[in-house]
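First comes the structure, then the notes that go with it.
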Amino acid sequence: MLKLKQRKYLLTPLFLFFIILLFPLINIIKITTKFKPENLIHKDNLNYSYEIYSSDNKLINKLSRKYDVLNDSEIIPTLIKNAFISGEDKRFMYHNGIDLMGLLRAFKNNLESGYIREGGSTITQQVSRIIFLNNDLNIKRKIKELIISLILDFKYSKSYILKLYLNNIYLGSGAYGVNEASQIYFGKFINELSLSEIALIVGLAPAPSIYSPFNNINLALKNRDKILYGMYSDGYITKNDLNYALNEKIKLNNPQENSIYLGDSVLINFILNETNKLINYKGIEGKYNYIKIKSSINTAWQNKAQNLARSIQPEDLEIALVTIDSNSGLIRTMISGKEPISNTFNRATYAIRPLSSTFKIIPYMAAFKDGKNLKDKYYDVPTCWDDYCPKNFSNIYKGKISLIEAFKSSSNIVPIKISKELGLEKIITLANEFGIGYQHKIEEFLPLAIGSYGDSLLNISNVYSTINNSGWLIKPSILEKLESRNGEIIWENNFEAKRVIKKINIKKLNKILEKSVSEGSGIAASIRNEKIFGKTGTSDGNRDLWFIGSLKGITTGVWLGFDDYKKTNLSSANAALFWKMYIKSINQSE
């Protein structure tokens, strides 16, 4: 009787413990069995999947791919399917989503080796984690994974589950799915891969960062060999196939070739933001779950500019650069800082810095618009307007000089006199036509005439680009075309232009801009046998150094300075010299 009571007392806690576990388990099962995978797999209004290409059709980046299926199973080569089945889930075609034999085998092998050398997750379980769950290490997630795997196996064909897996598995270096891995590691499409290359990609699946050929080629090859031997053992390849693949020399895609783009989150975000603005404007949100973005970026020019930017000294001096195709308004190059991987701020579009003498083109343009000529005279002498007494650079004054000479010497007095004579309202209105002052309202005060007002490099560069385009204003764009998955053109840039400067005044503006480079403050940008139209700019304390110049249908703006607005020991000649180095480098690359 006593033993019976003791047994009763022992069983009671065990029973309670079982009940405590049972109710949450029932709840998890109840919730999970209501799960409908099609709500996620076929949901169109999830994040867009983007592929971003350069103007010369080179892949820049891919984003938001998790729920996207890039390839139909029919165009995924059979060899890739077999390789993953052999390497990841040998009994994939036979189990019901959960492989009890595989779990037992993994347990036995791990026990014998004394450490965890293989897992027991099936491909279906991995799909459950990748698409519907996460990698949390807890019992609740594991139970959900098992139930979802059973549901997937019941509702969908093995072919479809395998397709989901092959298009969503993370394979390292930013690659989601075999198609991306193929392009990132080998610069090929999946149907171009050799058996050896396929095996190397499959070998990445267990631990992409550890087995990455970019990090450890020897370890990657060792794992590749393991996959190849497994495929031979499973009957997927012949002995000759095995030997040929083992002896094949792996040629990797150079990761540095696209590193500027893949690591330049500022450039990528600017392209995406412009795309999203366009999508919202056209009212097509949710209509497409995949968009191919053809940007206007020229990969060779972008690389040249970024490599030059890295060499700038001192170390904390920053740079921004934009190149605009003046005939189309397309942005061919956009450098937002010296090091794109660590940079998070777009200095080309969002940095609002005093435009200094680059703004002087606006008062001169207003003067020509008012009917004035290049030889019209103004007094370049010390002058005060109430308490405002501006000075010329180095306190040098030329006396009575022509407009072309005043611009060449970058007089501060003359553009202020022009603005006072015509009225600041005219200067502001003209600046607004070009987008200057659109972001920040321009106040009516005289220092405005010599660039005390702040705006972005992109905006002021487009003023010069408009002059280079014979007076036709085009809003700068980094987008050429948007396409859907089936090749439908969603949007195409038609380069809408508006004439804002008459031809007669374009000739005058080109004269003063050419003179500024050939004989004036921009002489550091001059290139033998080339006509260059440009202007330098230097803010107080040499805090901002500018040069904007046009040559052969393109306009490039350069800004140098410190983010904390401290003074530099440089001059605008440094910006002009960088412009020259960049222009010469891109001409050599063509």
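Each residue of the sequence shown is one higher than the one before, starting from 0 at the first, in numbering that gives the first Met the number 0. From the three backbone atoms N, C-alpha and C, an ideal C-beta is built for every residue, glycine too.
For this session: Note down, one range per segment and in chain order, each alpha helix (DSSP H) of at least 4 residues found wholly within the stretch 181-215.
Result: Listed in chain order, they are 194-201 and 207-210.
Problem set entry | Backbone CA spacing between Glu284 and Ser483 [nearest angstrom] | Residue mapping note: residue 284 aligns to position 285 of the sequence shown, counting from 1. Residue mapping note: residue 483 aligns to position 484 of the sequence shown, counting from 1. So the two alpha carbons sit approximately 13 Å from each other.
Exercise. For Val177, which three-state DSSP category applies?
Worked result: The residue given as residue 177 occupies position 178 in the sequence shown. Residue state, collapsed to three classes: helix.
For this session: Assuming Gly336 contacts Ile323 (C-beta within less than 8 Å), just tell me the rounded distance between them.
Result: For the purposes of this step, residue 336 is taken as residue 337 along the sequence shown, with counting starting at 1. For the purposes of this step, residue 323 is taken as residue 324 along the sequence shown, with counting starting at 1. The Cβ separation is near 19 Å, so there is no contact.
Exercise. Which whole-angstrom value describes the C-beta separation of Lys480 and Asn492, a residue pair presumed to lie in contact below a C-beta threshold of 8 Å?
Worked result: Counting from one through the sequence shown, the residue named residue 480 turns up at place 481. Counting from one through the sequence shown, the residue named residue 492 turns up at place 493. Indeed, because the Cβ distance is near 7 Å, the residues count as touching under 8 Å.
For this session: Look up Arg498 in the DSSP assignment and say whether it is helix, strand or coil.
Result: Locating residue 498 in the sequence shown gives position 499, counting from the first residue. Arg498: strand per DSSP, three-state reduction.
Exercise. Can the beta-carbon of Ser356 be found less than 7 Å from the beta-carbon of Ser409?
Worked result: In the sequence shown, counting from the first residue as 1, residue 356 sits at position 357. In the sequence shown, counting from the first residue as 1, residue 409 sits at position 410. Against a cut-off of 7 Å, the Cβ pair of Ser409 and Ser356 comes out as a contact.
Exercise. Rounded C-beta distance between Lys534 and Leu512? I'm assuming under 8 Å.
Worked result: Taking the first residue of the sequence shown as 1, we reach residue 534 at position 535. Taking the first residue of the sequence shown as 1, we reach residue 512 at position 513. The C-beta distance from Lys534 to Leu512 rounds to 6 Å, short enough to fall under 8 Å.
Problem set entry | Same chain, Cβ closer than 7 Å to Gly229, neighbours up to 5 away in sequence not counted | Here residue 229 refers to the residue found at position 230 when the sequence shown is read from its first residue. Taken in chain order, the residues that qualify are Ser85 and Gly86.
Exercise. Does the Cβ-Cβ distance between Ala430 and Ile361 come in under 7 Å?
Worked result: Working through the sequence shown from its first residue, we reach residue 430 at position 431. Working through the sequence shown from its first residue, we reach residue 361 at position 362. Yes, the pair counts as a contact, with Cβ atoms nearer than the cut-off.
Exercise. In whole angstroms, what separates the C-alpha of Ile75 from that of Ala174?
Worked result: Numbered from its first residue, the sequence shown carries residue 75 at position 76. Numbered from its first residue, the sequence shown carries residue 174 at position 175. Taking the straight line from one Cα to the other gives about 16 Å.
Problem set entry | Counted within 10 angstroms of its Cβ, other Cβ atoms place Pro353 as buried (16 or more) or exposed | Mapped onto the sequence shown, residue 353 falls at position 354. Under this definition Pro353 is a buried residue.
Problem set entry | Exposure label - Phe188; buried when at least 16 CB within 10 Å | Position 189 of the sequence shown, counting from 1, holds the residue named residue 188. By the neighbour-count rule (16 or more Cβ atoms within 10 Å), Phe188 is not buried but exposed.
Problem set entry | Neighbourhood of Lys425 by C-beta distance below 7 Å, restricted to the same chain and skipping five residues each side | Position 426 of the sequence shown, counted from the first residue, corresponds to residue 425. Ala365.
For this session: Quick one: using the 10 Å Cβ neighbour count with 16 as the cut-off for buried, is Ser158 buried or exposed?
Result: For this step, residue 158 is matched to residue 159 along the sequence shown. Taking all protein chains in view, the Cβ of Ser158 is surrounded by fewer than 16 other Cβ atoms within 10 Å, so the residue is classified as exposed.
Problem set entry | Residue range of the unbroken alpha helix (DSSP H) whose run includes Lys57 | The count along the sequence shown starts at 1 and reaches residue 57 at position 58. Note, Lys57: premise wrong, no alpha helix (DSSP H); not H, not E.
Problem set entry | Endpoints, beta strand (DSSP E) assigned at Ser401 | For the purposes of this step, residue 401 is taken as the residue at position 402 of the sequence shown. Residues Gly398 to Ser401.
Exercise. Is there contact between the stretch 288-307 and the stretch 445-452, where contact requires at least three CB pairs shorter than 8 Å?
Worked result: no
Exercise. What is the DSSP secondary structure of Met333, reduced to helix, strand or coil?
Worked result: Residue 333 sits at position 334 when you count from the first residue of the sequence shown. It is a strand residue.
Problem set entry | Buried/exposed call for Gln125, threshold 16 Cβ in 10 Å | Here residue 125 corresponds to residue number 126 of the sequence shown, with the count starting at 1. Counting of Cβ neighbours within 10 angstroms places Gln125 among the buried residues, the total reaching 16 or more.
Exercise. Apart from the five residues just before and just after Ile403, which ones in its own chain have a Cβ nearer than 8 Å to its Cβ?
Worked result: Taking the sequence shown and counting its residues from 1, the one referred to as residue 403 is at position 404. If we look at Ile403 and ignore the five residues flanking it on each side, its Cβ neighbours are Leu373, Lys374, Lys510, Ile511 and Lys514.
Exercise. In whole angstroms, what is the alpha-carbon distance linking Trp578 and Asp263?
Worked result: Against the sequence shown, residue 578 aligns to sequence position 579. Against the sequence shown, residue 263 aligns to sequence position 264. Whole-angstrom Cα-Cα distance: 21 Å.
For this session: Tell me whether the beta-carbon of Leu227 lies closer than 7 Å to the beta-carbon of Ala206.
Result: Start at 1 with the first residue of the sequence shown, and residue 227 comes out as number 228. Start at 1 with the first residue of the sequence shown, and residue 206 comes out as number 207. Going by C-beta atoms, Leu227 is not nearer than 7 Å to Ala206.
Problem set entry | Cβ-based neighbour list, Ser525, same chain, cut-off 7 Å, excluding 5 preceding and 5 following | Stepping through the sequence shown from its first residue, residue 525 is reached at position 526. So the list reads Val516, Ser517 and Ile531, once near-sequence residues are dropped.
Exercise. Touch check for the stretch 338-347 and the stretch 389-407: three-plus C-beta pairs under 8 Å?
Worked result: no
Problem set entry | Limits of the beta strand (DSSP E) - the one that Phe546 falls within | The sequence position of residue 546 within the sequence shown is 547, counting from 1. From DSSP, the beta strand (DSSP E) with Phe546 extends over Asp543 to Leu550.
Exercise. Which class does Gly434 belong to by DSSP, given the choice of helix, strand or coil?
Worked result: Within the sequence shown, numbered from 1, the residue matching residue 434 stands at position 435. Note: Gly434 maps to coil in three-state DSSP.
Problem set entry | Spatial distance of Asn239 from Asn167 (CA atoms) | Looking up residue 239 in the sequence shown gives position 240. Looking up residue 167 in the sequence shown gives position 168. So the alpha carbons of these two residues sit roughly 32 Å apart.
For this session: Quick one: give me the first and last residue of the beta strand (DSSP E) that Trp384 is part of.
Result: Numbered from 1 along the sequence shown, position 385 holds the residue referred to as residue 384. Segment: none, Trp384 is in no beta strand (DSSP E) and carries neither H nor E.
Exercise. Around the C-beta of Asn590, are 16 or more other C-beta atoms found within 10 angstroms, so that it is buried, or is it exposed?
Worked result: Because the chain is modelled from 0 through 589, residue 590 falls outside the range shown and cannot be assessed.
For this session: Identify whether Ile267 lies in helix, strand or coil by the three-state DSSP scheme.
Result: Numbered from its first residue, the sequence shown carries residue 267 at position 268. Ile267 sits in a helix when the DSSP states are folded into three classes.
For this session: Evaluate the contact criterion for the stretch 535-546 versus the stretch 556-566: three or more CB pairs, one atom per stretch, below 8 Å.
Result: The stretch 535-546 vs the stretch 556-566: in contact.
Problem set entry | Under the three-state DSSP convention, the category Arg346 falls into | Residue 346 sits at position 347 when you count from the first residue of the sequence shown. Residue state, collapsed to three classes: coil.
Exercise. Relative to the alpha-carbon of Thr382, which residue among Ala405, Ser401, Val413 and Lys368 has its alpha-carbon at the smallest distance?
Worked result: Working through the sequence shown from its first residue, we reach residue 382 at position 383. Out of Ala405, Ser401, Val413 and Lys368, Val413 has the C-alpha closest to the C-alpha of Thr382.
Exercise. My guess is that Leu456 and Ser418 are in contact by the Cβ rule of under 8 Å, so how many angstroms apart are they, rounded?
Worked result: Looking up residue 456 in the sequence shown gives position 457. Looking up residue 418 in the sequence shown gives position 419. With a Cβ gap of about 23 Å, Leu456 and Ser418 do not count as contacting.
For this session: Answer yes or no: do Ser211 and Gly176 have a C-beta to C-beta separation smaller than 7 Å?
Result: Working through the sequence shown from its first residue, we reach residue 211 at position 212. Working through the sequence shown from its first residue, we reach residue 176 at position 177. In this structure, Ser211 keeps its C-beta atom at 7 Å or more from the C-beta atom of Gly176.
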